[in-house]
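Letter 209 of the sequence shown, counting from 1, is numbered 209 in UniProt numbering, and no numbers are missing. Everything on this sheet refers to the single structure shown next.
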Amino acid sequence: MSTFDTTRVALVTGASRGIGRAIALGLAERGFDLVVNDVARQGEALAALAGEIEALGRRAIALHADVSSKAEVTAMVAQAIAAAGHIDAVVNNAGILITSPVETLEEGVWDAVMDVNAKGTFLVIQALLPHMRARRYGRIVNIASIGGKQGAPEQAHYSASKAAIMGFTRVLAQEIGAEGITANCVCPGIILTDMGRTNLEDPAIKARWTANTAMRRIGVPEDIVGPVAFFASDDAGFVTGQTLNVDGGIVFD
């Protein structure tokens, strides 16, 4: 496999479907080459995504790793840099949602959600920072959620994980800003994905969310692409430590 050229390269985690897939394709359409990641069981979908990116005229490499595992993340990042030559932007999108009321929430479920959503974001960034610092350039985009701001019943652990990402990002931005690296969050609202359907299985709940959204519609993965692409670009070179709601008008802070 040849090393990528000097084109901007982005690493997107959890890229095989939903928001991650849309982001990867959207970045490819905007001129990025891609390293796309997901767990091994999503290998077929990830390979198909890489093929779609290449059909757009961009280069792509698919790497399997569980972002909650430090060893797997370290290996993935090393492979990504070796294959691509450099990583300019990372989009930490990998995440899971397993609903449960607090009273019956199992410790293992709490740990699984926090490990993928919060710890996974941390591990990927920690592995990439030496590379970005050496180049004095980097764009870090963390996918949080409006759930980290207001939450919903049976999602306390998910909300906690997303709030953790936002707090982590604000501190990270302060630590790395002088080195040409930015760190920002995008907070999707109610988005029609396989995971998002957890909020939308009941038609009454779907109707309520639609009515509670200023734009009176449920979001789609492609709605998240533009804001992520902005944070991943040089246009956002003086923007860091920020959290942007992309929810059609649900949360107004």
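Beta carbons: idealized from backbone N, C-alpha and C, even for Gly. On a predicted model such as this, the values are computed, not experimentally measured, just so you know.
- Contact check for ASN93 and VAL12: beta-carbon distance about 6 Å, within the 8 Å limit, so the pair qualifies.
- The beta carbon of LYS206 sits closer than 6 Å to those of LEU200, all from its chain and outside the five residues before and after it, given in chain order.
- Secondary structure at VAL141: strand, using DSSP grouped into helix, strand and coil.
- The Cβ atoms of ILE23 and VAL228 sit closer than 7 Å to each other.
- Here the stretch 145 to 153 does not lie against the stretch 121 to 136, with fewer than 3 beta-carbon pairs under 8 Å apart.
- Between the C-alpha atoms of GLU54 and GLY31 there is a straight-line separation of about 12 Å.
- The C-beta distance from VAL171 to LEU128 rounds to 17 Å, too long to fall under 8 Å, and the pair is not in contact.
- With 16 or more other Cβ atoms inside 10 Å of its own Cβ, GLY120 counts as buried.
- Restricting attention to alpha helix (DSSP H) runs no shorter than 4 residues, the stretch 11 to 49 encloses them at 18 to 29, ordered along the chain.
- In the three-state scheme derived from DSSP, where H, G and I count as helix and E and B as strand, ALA152 is classed as coil.
- In terms of Cβ geometry, ALA173 and THR74 do not form a close pair [threshold 7 Å].
- Secondary structure note for ILE205: its alpha helix (DSSP H) is the uninterrupted segment 203 to 211.
- Cβ contact annotation for VAL246 (same chain, cutoff 8 Å, sequence separation greater than five): VAL186, CYS187, PRO188, GLY189, GLY219, ASP223, ILE224 and PRO227, in chain order.
- For the options TRP209, TYR158 and VAL91, the alpha carbon positioned closest to that of VAL109 is the one of TYR158.
- By the neighbour-count criterion, in which a residue is buried when 16 or more other Cβ atoms sit within 10 angstroms of its Cβ, GLY249 is exposed.
- ILE143 places its beta carbon 7 Å or farther from that of VAL251.
- Secondary structure at ILE190: coil, using DSSP grouped into helix, strand and coil.
- Shown here, THR121 sits in a helix according to DSSP, grouped into three states.
- Taking a C-beta distance under 7 Å as the contact criterion, LEU34 and ALA10 qualify as a contact pair.
- The shortest C-alpha to C-alpha distance from ALA183 to any of VAL113, ASP88, MET215 and THR99 is the one to ASP88.
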